[in-house]
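J.: Okay, here's the structure, questions in a sec.
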Amino acid sequence: MKNRRKDTLISYAWSGPSLILIALMVVFPILYTAYISLTNMNVYHWFDFTIIGLDNYFRALFVFDSGFLSALLATTLWTVVNMIFQLVIAFTLVSLLNVRKVKLRRLYKTLLMFPWAMPGYVSILLWKTGMFNTQFGLLNQWMEKLGHEAVRWLSSDVSAFLCCTVVNLWLALPFMIMIMDGAMQSIDRSYFESAVLDGATWLERTRYITIPAITPIIAPAVIITVFTTFKQFDVVYLLTQQAGAKTGSGFHTILTYAYENAFITNNYGYSSAISMIIFILLLVFSARYQMREEGDR
Amino acid sequence: MKRLLSAFLCVCLLLCLTACGEKALDPAEASKLVIWHDKEDAVVAALEDYLAAAVPELQIAFEKKTSLTDSLKLVGNDPSAAPDLFIFAHDKIGVFAEMGILAPIEPLLEEGALVNFLPMTLDAATYKDTLYQLPLYFETLLFMYNRRYMQDEEVPATTDALLTYMENNTGRGRFGFVEQHSTAYYSAAWIHGFGGSIIDDSGVPFPDSQAVRDALNYHARFVALMPGETEYNTVNTLFLEGKADATIGGPWMVPSARAAQIDLGFAPMPAVDATGKALAPYSGVQGIHVLKFAAEAKTDAVRKLLSALTDSAIGIELALASGCAPANALSYEDERVANDELVQSMRTTAEIAVPMPNIPEMDVMWTVVGNLLTDVNLSGKDIDESFTAALAQANQLIGAMK
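Residue numbers (our numbering), protein chains in the order written: chain A, 529 to 825; chain B, 429 to 830.
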């Protein structure tokens, strides 16, 4: 009994520094945001703010109007579409990279990691100016060569959604490819050799060996990507909603919508309340997923 | 163990008591001033050189901050992290004054120090009857043209003439005139030309709604002849590459235009035919602000610095270094400044320019007007419906600020 308690204490002592770091970097900001959301901290009460209870939460509900609901719907669609494309494209590329006869495999892998090495902000603005710009973008230069009119790629909701998806895939694929490649390489070759001897086709090997074997390994990466995609801000904001460079598209994720309808007010109490509601929303999604996973086990 | 604990608590108590005591700054510390800014190198170099000669007894450090206003919101009342002064445009004065981090400027100046300052710059720097900024120079938008494509006699005096010019000279990858048509800062000139405004001094959005609607309606005819993008890079590149004959742009465009060997001409803003009023752009007054704790703890050093900056010589230095239009009227008496076409154009435009509102409510109006312009100009939505939605959003956001 005494030994077990000692072991527990030693375990906590070892993981203590990282737990403190996590508490400082993750838990403290959340708790502080929750505290600010209960105060009247704004331009007029910047340093002398007081606790006003749940007032900000009641006011925040007005932001969750029809515009917010359509942004929530668009965000869900955005997440689903992006995840499907990411998984399919990453799986296809990784499968091709793992074909035995492929030469220069390492070079391809390095090239596929390239978008990850660039700062996201730079990549997004390069895409916006270099590819989608009506006057100078590569896409319109091709259109011109083909004898077509210039297209304003980011001006309508649907085309902006597709362009944002392309840029998001460019930014997110390296992570998924890396995880999926590692997972695929960890599968014992003998499974495939036995399957080939049994006459299994490529499709059957993929369905009965590859996918079941990589699923538990890539699951955490998928969960992380679902959340980063759901709370995406940079891609959508910089491509279509940036102040002084709006494109005419009305495509908003919940974060870009909340930014335009709350965060610019300099009312930190009110903005924190909205952040907390979005945080709780994500927490509910996460909890539902975790519970389903527990159920599957 | 108990002894150790008691000793530890005693040390803590002593530390607390020491921290409570007022600490007077030593003379060396009191003569050190940190100034945050987000200005271009030429402006800062001119300021550094001038101050090194004018107040050699002060140790002045200029620190560039890219997100200066956000940083000030976080540390504005913390002397250990905040600067003593900062240089920024006047439009954030209301926000910082309401936050309580700015010191009034006038008590720190000698009597009569502001007599020669242009009234427009002092008005811009005043919030609720208190001057919170010592103006250094101002910027405003200018009508610029490329003499290779637009001759001096072709420069349109009215907006209808400009529209005719655009119709005759736009097409096949070329534009008669370009501007950042769907951004609030640029579009304000058109709204003012119709007698409207984005927000009034008491924080009421769009006080003359019909004027704004008329401006949007008329301006849409010009937008149809401009590129679909409204951002700076596209407009700037089109003009610099000689694909646009004329533009409305800031003085910050001038160095790159000259580097691109464009034969640059400046002209007065065209007048709106329907109202007879010229397009009146916003002006931004750049100046130095003093933080409250610096005004209290380093009063002498701050006074010396401000006194040096009220001299007309700094205006001359800034004008010569980077084409800034000085806030001090005496600076224009210098022959070199008087002969500078860019500076003189800005001074002329300043007579009709409207200082950007400095009330906190303006912070949300940039987004509201940006959305309104995007809806009308880029999404092709109905003007009346878009205006009604923008007004509702403005009222909601202004309400949410409090």
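All residues carry an ideal CB built from backbone N, CA and C; glycine is no exception. Here the structure is a predicted model, which means the values were calculated and not measured.
Is it buried or exposed for Ile742 (chain A), if we count other Cβ within 10 angstroms and need 16 for buried?
T.: buried
J.: Can you give me the Cβ contacts of Arg641 (chain B) inside the same chain, cut-off strictly under 8 Å, excluding the 5 residues immediately before and after it?
T.: Ile811, Asp812 and Phe815
J.: Can you list, in chain order, the stretches of the beta strand (DSSP E) that have 3 or more residues and sit fully within the segment 585 to 625 of chain B?
T.: 603 to 606
J.: Helix, strand or coil for Glu450 (chain B) per DSSP?
T.: Only weak support exists for where Glu450 (chain B) lies, its pLDDT of 45 falling under 50; the value from the coordinates is given anyway. Here Glu450 (chain B) sits in coil by DSSP.
J.: Can you give me the Cβ contacts of Arg733 (chain A) inside the same chain, cut-off strictly under 8 Å, excluding the 5 residues immediately before and after it?
T.: Contacts found: Phe720, Ala723 and Val724.
J.: Fully enclosed by the segment 639 to 691 of chain B, which beta strand (DSSP E) runs are 3 residues long or longer?
T.: 672 to 677
J.: Is Asn574 (chain B) near Asp691 (chain B), with beta carbons less than 9 Å apart?
T.: yes
J.: Straight-line CA distance for Phe586 (chain A) to Ala801 (chain A)?
T.: 9 Å
J.: Compute the Euclidean distance between the alpha carbons of Glu450 (chain B) and Pro535 (chain B), then round it to the nearest angstrom.
T.: In this predicted model, Glu450 (chain B) has a pLDDT of only 45, less than 50, meaning its place in the structure is not dependable; the value taken from the coordinates is given anyway. Answer to the nearest angstrom: the Cα atoms are 24 Å apart.
J.: Quick one: which residues of the segment 773 to 800 of chain B get their C-beta closer than 8 Å to a C-beta of chain A? List them in chain order.
T.: Against chain A - using a Cβ distance shorter than 8 Å - the residues of the segment 773 to 800 of chain B are Pro788, Asp791, Val792, Trp794, Thr795, Gly798 and Asn799.
J.: Tell me whether the beta-carbon of Leu810 (chain A) lies closer than 9 Å to the beta-carbon of Phe758 (chain A).
T.: yes
J.: Kindly list, in the order they appear in chain A, the residues whose Cβ is closer than 8 Å to that of Met527 (chain B).
T.: Val571, Trp574 and Phe575
J.: Could you name the residues that DSSP lists as bridge partners for Asn756 (chain B)?
T.: B:Phe545
J.: Please check the pair Glu491 (chain B) and Pro511 (chain B), which I expect to be a contact at CB under 8 Å, by giving their CB distance rounded to whole angstroms.
T.: 7 Å
J.: State the Cα-Cα distance for the pair Met553 (chain A) and Tyr765 (chain A), rounded to the nearest angstrom.
T.: 25 Å
J.: Alpha carbon to alpha carbon, how far is Ala722 (chain B) from Asn570 (chain A)?
T.: 23 Å
J.: In chain A, which residues lie less than 9 Å from Leu806 (chain B) when you measure between Cβ atoms?
T.: Arg680, Ser683, Lys774, Thr775, Gly776 and Ser777
J.: Could you confirm whether any beta carbon from chain A is found closer than 9 Å to the beta carbon of Leu496 (chain B)?
T.: By this cut-off, Leu496 (chain B) is not an interface position.
J.: Taking 9 Å as the threshold (beta carbon to beta carbon), is Phe590 (chain A) in contact with chain B?
T.: yes
J.: So with CB distances below 7 Å, who are the chain A contacts of Tyr710 (chain B)?
T.: The contacting residues do not exist; Tyr710 (chain B) stays about 13 Å from chain A at best.
J.: Nearest chain A C-beta to Val718 (chain B) closer than 9 Å, yes or no?
T.: no
J.: Please report the Cβ distance between Ala618 (chain A) and Met712 (chain A), rounded to the nearest whole angstrom; I am assuming they are in contact, meaning their Cβ atoms lie under 8 Å.
T.: Incorrect: roughly 10 Å between the Cβ atoms, too far for contact.
J.: Under three-state DSSP, which class holds Tyr710 (chain B)?
T.: strand
J.: At a Cβ cut of 9 Å, what residues of the segment 530 to 542 of chain B count as close to chain D, listed as they run along the chain?
T.: In the structure shown, chain D does not exist; the protein chains are A and B.
J.: If I'm right that Ala643 (chain B) touches Pro709 (chain B) with Cβ under 8 Å, what's the distance once you round it to whole angstroms?
T.: No, Ala643 (chain B) and Pro709 (chain B) are not in contact; Cβ-Cβ is about 13 Å, not under 8 Å.
J.: Helix, strand or coil for Met569 (chain A)? Go by DSSP, reduced to three states.
T.: coil
J.: So, is Val471 (chain B) buried or exposed, given that buried needs 16 or more other C-beta atoms within 10 angstroms?
T.: buried
J.: Could you tell me whether the segment 691 to 706 of chain A touches the segment 637 to 647 of chain A, using the rule of 3 or more Cβ pairs below 8 Å?
T.: yes
J.: Write down every uninterrupted run of the alpha helix (DSSP H) in the segment 490 to 548 of chain B whose length is 4 residues or greater and which is fully enclosed by it, in chain order.
T.: List check, alpha helix (DSSP H) in window: 496 to 503 and 521 to 527.
J.: Give a yes or no on whether the C-beta atoms belonging to Gln714 (chain B) and Glu567 (chain B) are separated by under 9 Å.
T.: A distance below 9 Å separates the beta carbons of Gln714 (chain B) and Glu567 (chain B).
J.: Taking a contact to mean a Cβ-Cβ separation below 9 Å, would you say Leu746 (chain B) touches Tyr555 (chain B) in this structure?
T.: No, the Cβ-Cβ distance between Leu746 (chain B) and Tyr555 (chain B) is not below 9 Å.
J.: Against chain A, does Met594 (chain B) count as a neighbour if the rule is that its beta carbon must be under 9 Å from one of theirs?
T.: no
J.: In angstroms, rounded to a whole number, what distance separates the CA positions of Tyr560 (chain B) and Ala652 (chain B)?
T.: 42 Å
J.: Could you have a look at Val462 (chain B) and say whether DSSP puts it in helix, strand or coil?
T.: strand
J.: At what residue ranges does the segment 707 to 794 of chain B contain a whole run of the beta strand (DSSP E), taking only runs of 3 or more?
T.: 710 to 718
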